[in-house]
């Protein structure tokens, strides 16, 4: 596939749409939809926006295991970090200052991850690099 990398604007739109879809379907509907679209190398938002996740080594659409790794890196890692920070803050000092500091650190990590979309010429975030995925625009239909 010789498609161009998805632009930062399109990547940000997909990120926001993913959050809306997760919230709107109480996560369960989004996850079921993801299990279907991951087989085509797409997230639900990428499916709606005609974008695709490509295996950077083979140039073919990413497979479900690779999409699962990317999902784990993007969503699950932040949830685990958030719950670890909030529980640690509650045990150590339930005043809220430690909790707020921890949440800011988790958000800073997520912003650093997402900033790769703008900082890098190939518009890849940290989770894309680790999972070996490049998000591209789908080629238009003839």
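In the working numbering, the protein residues as written are 0 to 141. All C-beta atoms, glycine included, are put in the ideal place defined by N, C-alpha and C.
Under the rule that 16 or more other beta-carbon atoms within 10 Å means buried, what is residue i, buried or exposed?
| i | result |
| --- | --- |
| residue 118 | exposed |
| residue 130 | buried |
| residue 105 | buried |
| residue 86 | exposed |
| residue 79 | exposed |
| residue 92 | exposed |
For residue i, report the span of its alpha helix (DSSP H) as first-last.
| i | result |
| --- | --- |
| residue 13 | 7-23 |
Note down, one range per segment and in chain order, each beta strand (DSSP E) of at least 3 residues found wholly within the segment 31-84. The qualifying runs are 50-54.
Using 8 Å as the threshold, is the segment 8-25 in touch with the segment 52-63, meaning 3 or more CB pairs across them? Three or more Cβ pairs closer than 8 Å define a contact, and the segment 8-25 falls short of that threshold against the segment 52-63.
Report yes or no: do three or more beta-carbon pairs, one from the segment 106-114 and one from the segment 39-47, lie closer than 8 Å? no
Check whether the segment 94-105 touches the segment 55-72, counting contact only when three or more Cβ pairs, one atom from each stretch, lie closer than 8 Å. no
Completely contained beta strand (DSSP E) runs for the segment 114-140, where each covers 3 or more residues: 132-136
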